[in-house]
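Enquirer:
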Amino acid sequence: MKTSWEIGKPGDAELLQKINTLPKEELSEQHLRFLASRLRMNIVEMVYQANSGHPGGPLGLADIYTVLAYKIMNHKPSNPEWEQRDRLLISNGHVCAVRYSMMAMKGYFPETELSTFRQLGSRLQGHPSSKFLPMVENSSGSLGQGLSNAGGLALGLKLRKSDSRVFLGMSDGECQEGMTWEAAMAIAHRKVTNIHPFLDWNNIQIDGNVENVMALGDLQKKFESFGWEVTVKDGHNLQEIEEAFAWSLAAKDAPRMILFKTVLGKGVSFMENNPDWHGSPPKEKDRDEAFIQIMRERDSLSLAS
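Each residue of the sequence shown is one higher than the one before, counting from 744 in my numbering.
Below, the structure written as structure tokens:
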């Protein structure tokens, strides 16, 4: 494992530590944009160093995970097993680079450990394992299992009268799996409203455009027909993201689904909306160009450590 993790501008690591001490209500849009840009740089560097992994999806999810980790979820990096914590599950586990980076930035483990991504013996495998890491609530694998996993966990917490909420990251491609719809039907039938799934709707999967592989039709109407309330939001608009989670958390009589319209590879122009970057690591020149582009966003912010 590397002893240093040089990402961003000098002083950015100290700025991150300062931000981590701020209460949620004091975090500004500038803070969140800084966090999202650091998240993206971590993702690019992790996949580059591993020469393996999925850069496109995690880059497209960086804004959502920033808001979720810093503004929405109740969790304690100093006490990962805190009984009252909110739970976060990922169904499309191949996007785990965004999760690992978020956890490191929040202080669950040092950012230097990101250099072990997808290496033998590392805790940071290509699909998260609940055996190895704090805050990892599910071990992922074949797509389509997450909504069922999260639904069962949320129902159990509800029966125990726990105030903990269950958040679930999903993908559009996994909606081609029948298990997703069985879970959607069961969750609505049992009125499990402490589950808060958010779906990455970028219309790209490993074999190409989702609509060409197996068209999903109108996802909003589809979930509504299964008894869900649904909203469609811009997955790169920080205010819309926060409002979407607030809407989901206000569910009373039916579960609520957030469909986030996202851009695969967001923040790196040559990766954006390109299926080739679903699961291909960047070469050195790609990494360098990606850093230049992401740093433009970082440099536009008036923040100092």
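For glycine and all other residues, C-beta sits at the position ideal for the given N, C-alpha and C.
These numbers were taken from a predicted model, which means no experiment stands behind them.
At 3 residues or longer, what runs of the beta strand (DSSP E) sit wholly inside the stretch 967-1013?
Expert: DSSP runs (the beta strand (DSSP E)) wholly in the stretch 967-1013: 972-977 and 999-1004.
Enquirer: Would you mind sorting THR764 into buried or exposed? The rule is 16 or more other CB atoms within 10 Å of its CB.
Expert: THR764 should be labelled exposed.
Enquirer: Less than 9 Å between the C-beta atoms of ALA805 and ILE833, yes or no?
Expert: No. Outside cutoff.
Enquirer: Please list, in chain order, all residues of the same chain as GLY850 whose beta carbon is under 7 Å from its beta carbon, the five residues on each side excluded.
Expert: Around GLY850: ASN763 and PRO820.
Enquirer: Kindly indicate which three-state DSSP category PHE910 falls into: helix, strand or coil?
Expert: Looking at PHE910 - three-state DSSP - the assignment turns out to be strand.
Enquirer: Take every Cβ of the stretch 795-803, pair it with every Cβ of the stretch 888-898, and state whether three or more of those distances are shorter than 8 Å.
Expert: Touching, no, given that fewer than three Cβ pairs across the two stretches are closer than 8 Å.
Enquirer: Look at the alpha carbon of ASP829 and the alpha carbon of ARG908, and state the distance between them as a whole number of angstroms.
Expert: Looking at the two C-alpha atoms, the distance is approximately 5 Å.
Enquirer: Reducing DSSP to helix, strand and coil, say where ARG830 ends up.
Expert: Of the three classes helix, strand and coil, the one that applies to ARG830 here is strand, per DSSP.
Enquirer: Among the residues of its own chain, which have a CB less than 7 Å from the CB of GLU983, if the five just before and after it don't count?
Expert: Excluding positions up to five away in sequence, the list reads LYS976 and ASP977.
Enquirer: Please state the DSSP three-state secondary structure of ASN952.
Expert: Strand.
Enquirer: Can you name the start and end residues of the beta strand (DSSP E) that HIS932 belongs to?
Expert: That residue, HIS932, is in no beta strand (DSSP E); its alpha helix (DSSP H) goes 921-932.
Enquirer: Go ahead and pull the three-state DSSP assignment for ALA748.
Expert: Residue identity check: residue 748 is Trp in the sequence provided, not Ala. Residue state, collapsed to three classes: coil.
Enquirer: Label ILE1035 either buried or exposed according to how many other C-beta atoms from any shown protein chain fall within 10 Å of its C-beta, with 16 as the threshold for buried.
Expert: Answer is exposed; the Cβ neighbour count stays below 16.
Enquirer: I'd like the span of the beta strand (DSSP E) that includes PHE941, first residue to last.
Expert: 938-944 is the extent of the beta strand (DSSP E) around PHE941.
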